[in-house]
Amino acid sequence: MKTKAWFVSNFSGYLEKITKQSIRADFYLFTAILLVGSLLYHVSYLIQKVHTSPVDVLNPGSMIVLTLMTVFLFIYNGIIFLLAISLAEHFFVLFISDKPDFEKTMKSVIYASFLPVLFLWIPSVFHIPCSALVLVGAYTIITFYGIRIFHGVTVDRAAFVAIFTTGCILILLYFGNVNLL
927 MKTKAWFVSN FSGYLEKITK QSIRADFYLF TAILLVGSLL YHVSYLIQKV
977 HTSPVDVLNP GSMIVLTLMT VFLFIYNGII FLLAISLAEH FFVLFISDKP
1027 DFEKTMKSVI YASFLPVLFL WIPSVFHIPC SALVLVGAYT IITFYGIRIF
1077 HGVTVDRAAF VAIFTTGCIL ILLYFGNVNL L
């Protein structure tokens, strides 16, 4: 129990410290996380491909093109995801906050997206049913803390935003062309 309290207090302190940063540094950090996440996803794809058909993977020209395409599409889709989820989350923040600030909402989405972006390759590699829901759960918890600290709202209001934003993500995953659920 003491370890849990230590982690939550350190995480909350970290979020309070970064509220004073400019959003430009957060965008750079998010782009770097997208780059690392895309490379992890691509390497996991190549490892899967080597086990199924090693002849196709060994072509250097196709590997370079595939790597560039993966990185570009991952970063492009990550930015679209950031904007879409930030708008959805800010829509719910408008209901609960006296002074809603879109920059704070976007910071919340940026920091809540770290774990799902970095570990998105796990559901695609291991093919465990509903394993992406663990990443969505982590996103929900971090969103809760982000909204609570960045916007300075109560626990129930932050839970409202976190749950409804997660609902939007689940709708996107279920009705979208994402094969993770």
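Going by our numbering, the first residue of the sequence shown is number 927, and it counts up by one from there.
We put the beta carbon where it would ideally sit given N, CA and C, even for glycine.
Remember, it's a predicted structure, so these values are computed and weren't measured experimentally.
Expected contact under 8 Å - CB spacing of residue i and residue j to nearest Å
i	j	result
residue 1033	residue 1076	6 Å
residue 1042	residue 1014	With a Cβ gap of about 15 Å, residue 1042 and residue 1014 do not count as contacting.
residue 1038	residue 1078	So it is not a contact: roughly 17 Å between Cβ atoms.
residue 1008	residue 956	7 Å
Nearest neighbour of residue i, chosen from the options [CA to CA]
i	options	result
residue 997	958, 1082, 1041 and 1037	958
residue 1060	943, 1092 and 1029	1092
residue 970	1078, 993, 1096 and 1071	993
residue 1094	985, 973, 1066 and 1082	1066
residue 1044	954, 944, 951 and 962	962
residue 1023	950, 1098 and 1082	1082
residue 1089	1069, 1005 and 1098	1069
residue 1111	987, 989 and 976	What the structure shows of the chain is the stretch from 927 to 1107, and residue 1111 is not part of that stretch, so it cannot be assessed.
residue 1098	1003, 990, 972 and 973	1003
Contact check, residue i vs residue j, beta carbons under 8 Å
i	j	result
residue 967	residue 1046	yes
residue 1087	residue 1019	yes
residue 964	residue 1001	yes
residue 1031	residue 1053	no
Residue i to residue j span [Cα, whole Å]
i	j	result
residue 1084	residue 1029	16 Å
residue 1049	residue 947	33 Å
residue 1021	residue 960	30 Å
residue 1062	residue 1096	8 Å
residue 950	residue 1011	18 Å
residue 1027	residue 953	16 Å
residue 973	residue 944	37 Å
residue 991	residue 999	12 Å
Any non-hydrogen atom of the ligand GDP within 7 Å of residue i CB
i	result
residue 1087	Inclusion of the ligand GDP in the displayed structure is not the case, the ligand content being empty and no account of it being possible.
For this session: Write down every uninterrupted run of the alpha helix (DSSP H) in the region 946-1019 whose length is 4 residues or greater and which is fully enclosed by it, in chain order.
Result: 949-978 and 980-983
Problem set entry | alpha helix (DSSP H) runs wholly inside the region 1023-1075, at least 4 long, in chain order | 1028-1038, 1040-1044 and 1047-1052
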